[in-house]
Amino acid sequence: MLLVETSGSFASLPRAQVLAGGNLLLLETAEGWELVQFETAELAGPDQWVLSGLLRGQRGSVSAAAAAGSRVLLLDGADVLATVSPEEIGIALDWRSPWDEPQPVSFADEGGRPWPVCHLRALGGQLSWVRRGADLPESWALPEGSNTGQFAVQFDTGAGFADETRLQTPLAAIPAEAIAAQVAEIGADGRTGPWVPISLGTP
984 MLLVETSGSF ASLPRAQVLA GGNLLLLETA EGWELVQFET AELAGPDQWV
1034 LSGLLRGQRG SVSAAAAAGS RVLLLDGADV LATVSPEEIG IALDWRSPWD
1084 EPQPVSFADE GGRPWPVCHL RALGGQLSWV RRGADLPESW ALPEGSNTGQ
1134 FAVQFDTGAG FADETRLQTP LAAIPAEAIA AQVAEIGADG RTGPWVPISL
1184 GTP
């Protein structure tokens, strides 16, 4: 459930339309902007809306905590992605909106990073996971995508995560002394996606 204060309005949609891509919004979280969908919108008071039936972490965005007062942007189809050349990534450029003075903003191309892996599990001394990505089908009616790529794995043996190992397959042997692990995919440009952690208990 999400409580939103706004002078605008929201509308509920049937579940089928939400699953088809309706009711998209961006939520500012501790990890950046998360793409969220909602099914039900209820007016809770003057300029207050309760959004429920949430689908979080859509399109590879990271689901994280959002503080009170965080910004929310409803995507109505009129939004467009700004064009930035590869040479301009990471450089502070002056951007102007219709209602603000120009502001220097650096484009980090977070959307170009690999998606977080999913279904991370530890079983029988082996760590396994499933790759996610914009190039993989999300429909249950389509065949599974290729679970190959380059992955980074780190284990915590009591002194924090260290000694990154890079693998070509979504499997890793768990050291006997490990109490936690984390996995991330490595993109073609060498950048690492978000880390996904898992507790392994006490060795």
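Position 85, counted from 1, in the sequence shown is what my numbering calls 1068; the numbers after and before it change by one each time, with no gaps. Even for Gly, the Cβ is constructed at its ideal location relative to N, Cα and C.
Per DSSP, what are the beta-bridge partners of residue i in this structure?
i: D1077; result: P1087
i: T1023; result: S1035
i: F1134; result: L1150, E1168
i: R1054; result: R1054 pairs with nothing; no bridge assigned.
i: I1181; result: A1164
i: T1175; result: I1169
i: Q1109; result: L1106, A1156
i: L1018; result: L1009
i: D1139; result: F1144, A1163
i: G1028; result: Q1031
i: L985; result: L1034
Pop quiz: residue i and residue j are said to be a contact at Cβ under 8 Å. What is the actual Cβ separation, rounded to whole angstroms?
i: R1114; j: G1132; result: 5 Å
i: D1051; j: G1108; result: Looking at the sequence itself, residue 1051 is Ala, so the reference to Asp does not match. 43 Å between Cβ atoms; not a contact.
i: F1134; j: P1153; result: 6 Å
i: E1017; j: A1047; result: 6 Å
i: E1014; j: V1045; result: 4 Å
i: G1116; j: A1091; result: About 19 Å separates the two Cβ atoms, so there is no contact after all.
Task: Sufficient close CB pairs (3 or more, under 8 Å) joining the stretch 1048-1064 to the stretch 1002-1012 - done: yes
- [ ] Counting only runs of 4+ residues fully inside the stretch 987-1015, write out the alpha helix (DSSP H) ranges in chain order.
- [x] 998-1002
Task: Cβ contact (3+ pairs, closer than 8 Å) linking the stretch 1163-1173 and the stretch 1139-1150 - done: yes
TODO: Decide if the stretch 1175-1183 is in contact with the stretch 1094-1102; the criterion is three or more beta carbon pairs, one per stretch, under 8 Å apart.
DONE: yes
TODO: Specify whether the stretch 988-1005 and the stretch 1014-1034 touch according to this definition: at least 3 beta carbon pairs, one from each stretch, less than 8 Å apart.
DONE: yes
TODO: Take every Cβ of the stretch 1034-1043, pair it with every Cβ of the stretch 1075-1089, and state whether three or more of those distances are shorter than 8 Å.
DONE: no
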